[in-house]
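As given, the protein sequences belong to chains A and Y, one line each in that order. Each residue of the first sequence is one higher than the one before, counting from 1 in my numbering. Each residue of the second sequence is one higher than the one before, counting from 152 in my numbering. Comments concern the structure below.
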Amino acid sequence: MKGKTFKISAIKNGTVIDHVSTDHIFKVMDILKLNESNDVVTMGTNLESKKMGKKGLIKIGGRYLTKQEADMIAIIATGANISIIKDYGVENKFRVEIPDIIENIVKCVNTNCVTNAYNVPTRFHVINRKTLKIRCHYCERMTDMSEIEMV
Amino acid sequence: MSFEKHDIISIRDLSKNEILHILDTAKKIEDNPDSRLLENKMMASLFFEPSTRTRLSFESAMRRLGGEVIGFADPDATSLKKGETLWDTVKMAENYSDIIVIRNPVEGSARLAAEAVDVPVINAGDGANQHPTQTLLDLYTILKEKGTLENLNVGFLGDLNYGRTVHSLVVALSHFNTNMFFISPKALKIPDSYLDELKQKGIQYHEEEDLFKVSRELDVLYVTRIQKERFPDPLEYRKYVGVYIIDRKLLDHIKPELRILHPLPRVDEIHPELDDTEHAVYFDQAKNGIPVRQAILALILGRIK
Ligand SMILES: [Zn+2]
């Protein structure tokens with residue numbers, strides 16, 4: 001049934017984000033602010049994957065994500081792979097890693113936090129990578145990454 | 152170690168050695184006060200919510216060392232709804248002072264203020280979050296009374312869920328291999344995030360609902376208020392609050408050296424009949440706020456190294 005496999009066209013230069021769970025694909029788009037960008041973005045969900053069953057994939061034409069930018073998606077898409085494509089070839093490939101500090105991506109759950117009261121950019125320190133615990137830089141409230149909401 | 156120009160925002164920012172250096176400096180100042188130590192230094196005292204106790208303690212600490220104070224005690228709350236006001240107020244105060252002391256009910260506001268200005272900032276309470284000078288004076292009191300901070304058995308009694316002073320003291324004492332006893336009703340137990348932290352640091356702790364089951368082991372008992380507002384059902388509140396009032400009955404269940412602390416003001420969780428026992432140190436504790444705050448001011452203002 002080869003003919004039925006959905007293909008996303010190859011890009012000449014840019015970034016491919018692979019092995020994102022289908023549930024998270026729109027959040028990844030949010031974090032990278034791809035909905036606001038002028039880059040050519042192609043996206044697929046429910047693609048077949050040997051590893052994951054179903055997976056999502058994003059290709060961004062003409063833009064090279066830095067390691068730092070890519071790591072920001074690790075807070076929701078832990079297993080994602082990043083490929084930097086130059087002239088149709090893979091120039092560099094890496095797995096995203098949860099960063100030490102998460103800036104202005106997630107909201108603080110504490111309604112009395114200065115970031116919510118005064119519209120200040122948020123900042124969190126990652127306390128435990130395994131249990132995905134983060135602490136607000138301002139109000140010091142601990143949050144499970146599973147409870148987070150995007151800015 | 153230099154504290155000059157450092158902010159004091161959270162007890163988490165201080166290492167064990169930094170804490171000990173502050174307490175050591177407090178002792179020196181208390182033993183040998185110098186009424187000209189902070190001459191020509193100006194402290195801005197910005198109290199966005201009233202807290203007479205803390206404000207007077209800071210202002211007295213500054214003035215008794217020859218420093219000067221400007222500020223406000225309780226601005227009209229309606230004019231503070233906008234974020235610019237907090238930001239603008241500290242920026243303005245920066246022009247007139249060498250150090251800013253800030254109290255604001257919004258959590259994280261002191262950290263934000265410290266990021267806004269170049270002069271050092273001391274957090275005098277940001278909502279339910281931090282009140283580091285309170286924690287340091289608690290530690291100073293324990294050190295004075297017990298002669299050490301190491302390896303003590305410390306009990307915490309009352310509202311351990313919302314109690315800011317308890318949370319900060321737990322974090323601070325985890326530097327000193329404290330054996331901790333958390334004594335509270337289940338509804339007011341200490342949040343799991345603190346227990347996880349203790350586990351990670353290898354600190355021993357015990358959770359207990361009945362004070363008398365563990366009171367004989369304690370060197371220090373830290374009592375906090377149980378606030379009525381925390382209970383949706385007033386009957387529930389009355390049930391709990393009765394159990395967590397201590398009085399002379401406690402004296403049959405303790406070591407003779409037990410010391411009882413309380414951040415004050417108390418409501419009725421410690422019966423006044425305990426006040427003149429050697430165990431009660433809560434009034435000294437409040438007094439200890441002066442040398443501790445003087446030490447912090449003198450260190451940050453660079454008048455003591
Ligand atoms: Zn926060």
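Ideal Cβ placement from N, Cα and C applies to all residues, glycine included.
Here the region 344–359 of chain Y makes no contact with the region 381–401 of chain Y; the two share fewer than three CB pairs at distances below 8 Å.
Counting C-beta atoms within 10 angstroms of its own C-beta, PRO283(Y) has 16 or more neighbours from the protein chains shown and is therefore classed as buried. Counting only runs of 4+ residues, the alpha helix (DSSP H) found wholly inside the region 242–295 of chain Y occupies 260–267, in chain order. Here PHE382(Y) carries a coil assignment [DSSP, helix/strand/coil].
Straight-line spacing of the CA atoms in GLU301(Y) and ASP144(A) works out to 33 Å.
In this structure, the straight-line span from the alpha carbon of GLU91(A) to that of ASN46(A) is close to 26 Å. Closer than 7 Å to some heavy atom of ligand 1: that does not describe the Cβ of TYR433(Y). Residue nearest to VAL257(Y) within the set LEU290(Y), ASP269(Y) and PHE199(Y) is PHE199(Y) (criterion: CA-CA distance).
In the displayed model, ASN35(A) falls within a helix according to three-state DSSP.
Here ARG410(Y) is buried. Its C-beta has 16 or more other C-beta atoms within 10 Å. In the DSSP assignment, LYS59(A) falls outside any alpha helix (DSSP H) and lies within the beta strand (DSSP E) extending over 53–61. Within the same chain, Cβ atoms closer than 7 Å to the Cβ of GLY217(Y) are found at SER186, ARG187, LEU188, LEU189 and GLU190, the five residues on either side in sequence being excluded.
Shown here, TYR356(Y) sits in a strand according to DSSP, grouped into three states. Taking each of ILE102(A), ILE127(A), ARG129(A) and ASN38(A) in turn and checking the Cα distance to PRO121(A), the smallest one comes out for ILE102(A).
Closer than 8 Å to the CB of ARG262(Y) there is at least one CB belonging to chain A. Residues of chain Y whose Cβ lies closer than 8 Å to the Cβ of HIS137(A) are, in chain order, GLY259 and ARG262. Between ARG129(A) and the set THR22(A), SER49(A), LEU57(A) and ASP71(A), the nearest pair of CA atoms involves ASP71(A). Secondary structure in the region 61–145 of chain A: the beta strand (DSSP E) runs of 3 residues or longer, each lying completely within the stretch, are 81–86, 89–95, 101–103, 123–128, 133–136 and 142–144 in chain order. Contact between ILE148(A) and VAL114(A) does not hold, since the beta-carbon distance rounds to 18 Å and is not under 8 Å. For the C-beta of GLU147(A), not a single chain Y residue is nearer than 8 Å; the gap to the nearest is close to 12 Å. According to DSSP, TYR373(Y) shares a beta bridge with PHE307(Y) and LEU412(Y).
In the DSSP assignment, ASP18(A) forms a beta bridge with ASN81(A). Distance from the C-beta of GLY306(Y) to the nearest heavy atom of ligand 1 is not below 7 Å. For LYS156(Y), the CB contacts under 6 Å within the same chain, skipping 5 residues up- and downstream, are PRO271 in chain order. Less than 8 Å separates the beta-carbon of ASN304(Y) from that of ASP370(Y). ASN280(Y) places its beta carbon 8 Å or farther from that of ILE159(Y).
Membership of ASN330(Y) in the beta strand (DSSP E) is indicated by the continuous run 330–334. Taking a C-beta distance under 8 Å as the contact criterion, ASP310(Y) and THR375(Y) qualify as a contact pair.
Within the region 277–308 of chain Y, contact with chain A at the beta-carbon level (separation under 9 Å) is assigned to ASP277, GLY278, ALA279, ASN280 and GLN281. In this structure, LEU452(Y) sits away from TYR118(A), with a CB-CB distance that is not shorter than 8 Å.
Here THR22(A) has THR45, ASN46, LYS54 and GLY56 as same chain residues with Cβ atoms under 6 Å from its own Cβ, once five neighbours each way along the sequence are excluded.
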